[in-house]
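Enquirer: Each residue of the sequence shown is one higher than the one before, counting from 9 in our numbering. Using N, Cα and C, we set each Cβ at its ideal position, and we do this for glycine too. Note that the coordinates shown come from a computational prediction; the quantities given were computed from them, not determined experimentally.
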Amino acid sequence: MDKVHTSSAEAIGDILAGASIAVGGFGLVGVPVTLIRALRDHGVGDLEVISNNCGVDDWGLGELLSTGQITRMIASYVGENHEFARRYLGGELELEFAPQGTLAERMRCGGAGIPGFYTASGVGTVVADGGLPWRYDSRGNVIVESPAKETRKFDHFGRGLTYVLEEAIVPDFSLVRAAKGDRHGNLVFEKAERSFSPVVATCGRTTIAEVEELVEPGEIDPDEVDVPGIYVHRVIAQTAEVRNELPIEKLRTRPRTAA
Numbered sequence: 009m010d011k012v013h014t015s016s017a018e019a020i021g022d023i024l025a026g027a028s029i030a031v032g033g034f035g036l037v038g039v040p041v042t043l044i045r046a047l048r049d050h051g052v053g054d055l056e057v058i059s060n061n062c063g064v065d066d067w068g069l070g071e072l073l074s075t076g077q078i079t080r081m082i083a084s085y086v087g088e089n090h091e092f093a094r095r096y097l098g099g100e101l102e103l104e105f106a107p108q109g110t111l112a113e114r115m116r117c118g119g120a121g122i123p124g125f126y127t128a129s130g131v132g133t134v135v136a137d138g139g140l141p142w143r144y145d146s147r148g149n150v151i152v153e154s155p156a157k158e159t160r161k162f163d164h165f166g167r168g169l170t171y172v173l174e175e176a177i178v179p180d181f182s183l184v185r186a187a188k189g190d191r192h193g194n195l196v197f198e199k200a201e202r203s204f205s206p207v208v209a210t211c212g213r214t215t216i217a218e219v220e221e222l223v224e225p226g227e228i229d230p231d232e233v234d235v236p237g238i239y240v241h242r243v244i245a246q247t248a249e250v251r252n253e254l255p256i257e258k259l260r261t262r263p264r265t266a267a
C-alpha cells in the first residue's frame, strides 16, 4: 500500500517514447514540475500530452517543448507560451484544440469508464463540423485537419437541439501535483488546482502524483480527500525549492512619489 517513491526518475522510469500523458495544472497553478523535469531528463520523445495549456516558455510543459519531446498536444489554449505557438504554426507540433469544459469532461469520462458524451459546445463550428487545423507544414499550409464528429438531435428541454459526440480520454499516464497526499495515494488539491487536476488524476492508466506535503495514512480527514488512493499508483514528495517557484507572480514597481 505504500506508494511513495524516493526518486522522481524512478517514478516516471517506465514512460516510453510515444506515450500519451495527461498533465494537471491550470495556467501556472498546480503544475507537476518535478515530474515534468524528470521526464525531460528521461529523454523520451514523440509524446502526446493532454493538458489545459502547455505552460509558458521554459517552465512547466514548456520545458518539454523546448527539448522537442512533445509532438502532439490536446489543449484548450496556447496562452503566453510563444514556443508553443511557434512550433504549432511552424509545423513541428500537432495541436488538437478542445473547448475547456469539453476537455475536462472528456478526462472525467475516461476516469469514470464512460466512453463518450454529447454536448452542445462546438455545435455549428469547426469543432463539430471538422476542418480545424491540427498540423501545418513549414510553409504555413494546413496538412492535417480535424475530422467531422457525430451529431445527434435530442428533445432536450422540450426543444429539438443538436449535440456533438465527444470521446473520453484515457491516457497511458497521468501526472499531477497535489497540496497534500498520504502514502496510500489519497490526494487533496487546493483552490485552482481543483479545476483540472482531479480529472487528470482519475483518467490515466497509471497516475503519478507529486505532493507538496506528504503525510501518514489517517492524517487526512476523509471528507477532505479530492481523489482517493485507488486512482493513484505512485507518489513523490516535492522539495521546498520547487514549492517556492512561483512564476505566476510578476514583479511590478513604480517610482516612489515625493513626500
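Let's test the definition: count the other Cβ atoms within 10 Å of the Cβ of E113 and tell me whether it reaches 16, buried, or not, exposed.
Expert: E113 should be labelled buried.
Enquirer: If you drop the 5 nearest sequence neighbours on each side, which residues of the same chain put their C-beta closer than 6 Å to that of R143?
Expert: E102, I151, V152
Enquirer: Indicate the three-state DSSP secondary structure (helix, strand or coil) for L254 in the structure shown.
Expert: Under the three-state reduction of DSSP, L254 is assigned to coil, being neither helix nor strand.
Enquirer: What residue from F197, G33, L222, L72 has the CA that sits closest to V243's CA?
Expert: L222
Enquirer: Using the Cα positions of V52 and A266, report the straight-line distance between them to the nearest angstrom.
Expert: In this structure, the CA atom of V52 is about 57 Å from the CA atom of A266.
Enquirer: Out of R80, N61, T215, E201, which one is the CA nearest neighbour of I238?
Expert: T215
Enquirer: Based on DSSP bridge pairs, tell me the residues matched to F162.
Expert: According to DSSP, F162 bridges with L169.
Enquirer: Should R185 be labelled buried (16 or more other beta-carbon atoms within 10 Å of its own) or exposed?
Expert: Buried, because 16 or more other Cβ atoms sit within 10 Å of the Cβ of R185.
Enquirer: When the distance is taken between beta carbons, is E253 closer than 8 Å to V41?
Expert: yes
Enquirer: What are the start and end residues of the alpha helix (DSSP H) that includes E88?
Expert: Note, E88: premise wrong, no alpha helix (DSSP H); not H, not E.
Enquirer: Extract the residue ranges of the alpha helix (DSSP H) inside the segment 108–189, only unbroken runs of 4 or more that lie entirely within it.
Expert: 108–120, 134–137
Enquirer: May I ask you to verify whether the segment 164–178 touches the segment 188–202, counting CB pairs closer than 8 Å and requiring at least 3?
Expert: no
Enquirer: Which of helix, strand or coil does DSSP assign to T210?
Expert: helix
Enquirer: Within 10 angstroms of the Cβ of D10, are there 16 or more other Cβ atoms? Answer buried if so, exposed if not.
Expert: Burial check for D10: the Cβ neighbour count within 10 Å stays below 16, so the residue is exposed.
Enquirer: Determine, using beta carbons only, whether L31 and V64 come nearer to each other than 8 Å.
Expert: Before going further, note that residue 31 is Val rather than Leu in the sequence given. At a Cβ-Cβ threshold of 8 Å, V31 and V64 do not count as neighbours.
Enquirer: According to DSSP, T215 sits in a beta bridge with which residue or residues?
Expert: S182
Enquirer: Does F105 pass the burial test, meaning 16 or more other C-beta atoms within 10 Å, or should it be called exposed?
Expert: buried
Enquirer: Look at S146 and G99 and say whether their C-beta atoms are less than 8 Å apart.
Expert: yes
Enquirer: Taking C-alpha atoms, which residue in V233, G118, H192, T127 lies nearest to A245?
Expert: The option with the nearest alpha carbon to A245 is H192.
Enquirer: What is the DSSP secondary structure of V41, counted as helix, strand or coil?
Expert: helix
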